[in-house]
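Each number in our numbering corresponds to the 1-based position in the sequence shown with 2 added. Backbone N, C-alpha and C define an ideal beta-carbon position, used for all residues, glycine too. Structure first, commentary second.
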Amino acid sequence: MKNKINFKTLSGFLFLLFFFVSCNEYEKLMSPALKVKLADKNSNPVFDGEVEPPIPNRSENDKTVLGIDSNKNGIRDDIDIWINRTGIDYNERMAMRQYARAKQFWLKVCSENLVADVMKAENDMLNSGTCLNALSDYHHGKWGYLGKKVDLATLNINIRSCDDFYNKHSTVVSIINGSNPHLNCKFRIETLEEVIKSYRKAWESIK
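Okay, structure coming up:
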């Protein structure tokens, strides 16, 4: 029948549509940060004690699952630059970095089939996500706002999808500190008392 839908054709179309939308969202997210980076006359800018990496070649960065991490800090260079240029303050940038490192490790475990590290990868994601929410939600007024942005930036191409791997091997045993979420952060938080008041007040309004 002429009107009969070919499932493979439809699936292929939906995949291409999803890929196009994902790439477009990645571009919208990254472009402002990269423009600021290009306009910076400081050739070796330092953010929170780390020298910022150069802008990576897009095609080279997307050839592999893990991409380019020239300064070996556990964060892909494009995401590193985006965090530096968009994070509101020290606490937010540090929390974004912690989450980005956890997401990069999550990808590494998947891409290299490191089944023994699945629990660590998933718990790192939970801990880092809780830290990021505590230190950023009150800035943005939305639950989990920045975590979704980091995910979008990290999983910008199809080879960086790990859903099947983790659906098969997931062994999550939650060890997050839910009552004091800032304790999931692996760095010293500036103005801690004010941060605690801010996120607790914000979460009440978000609920």
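Spatially closest choice to residue i from the options, by CA coordinates
i      : options                           : result
SER110 : THR66, PRO56 and ILE191           : A small correction: the amino acid at residue 110 is Lys; Ser does not occupy that position in the sequence shown. Checked all of THR66, PRO56 and ILE191; the closest Cα to LYS110 is THR66.
MET127 : TRP108, ALA41 and SER45           : TRP108
ASP64  : TYR28, GLU195, ARG87 and ASN93    : TYR28
MET121 : LEU194, ASN169 and GLU196         : ASN169
ASP166 : TRP205, ILE208, LYS144 and ASN115 : ASN115
GLU124 : LYS43, HIS171 and ASP91           : HIS171
TRP205 : LEU157, TYR147 and TRP84          : TYR147
ALA102 : GLY76, GLY180 and GLY89           : GLY76
ILE90  : ALA118, ARG162, ILE70 and ASP139  : ASP139
THR173 : ILE70, ILE83, ASN44 and VAL117    : VAL117
Cβ separation of residue i and residue j, assumed to be a contact under 8 Å, to the nearest whole Å
i      : j      : result
PRO47  : SER72  : With a Cβ gap of about 14 Å, PRO47 and SER72 do not count as contacting.
LEU36  : ILE57  : 6 Å
ASN93  : LEU137 : 5 Å
GLY143 : ILE208 : 7 Å
Contacts around residue i, its chain only, beta-carbon distance under 6 Å, and the 5 residues preceding and following it disregarded
i      : result
ASP189 : First, the amino acid is wrong: residue 189 is Phe here, not Asp. Cβ within range, chain order: MET96.
PHE49  : ASN86
CYS164 : CYS112
LYS74  : none
VAL53  : ASN46
Q: Kindly confirm or deny that the region 137-156 and the region 97-104 touch, where touching means at least three C-beta pairs closer than 8 Å.
A: Using a C-beta cut-off of 8 Å, the region 137-156 makes contact with the region 97-104, since at least three inter-stretch Cβ pairs fall below that distance.
Q) Which runs of the alpha helix (DSSP H), 4 residues or longer, sit entirely within the region 79-155? A) DSSP runs (the alpha helix (DSSP H)) wholly in the region 79-155: 79-88, 92-113 and 120-142.
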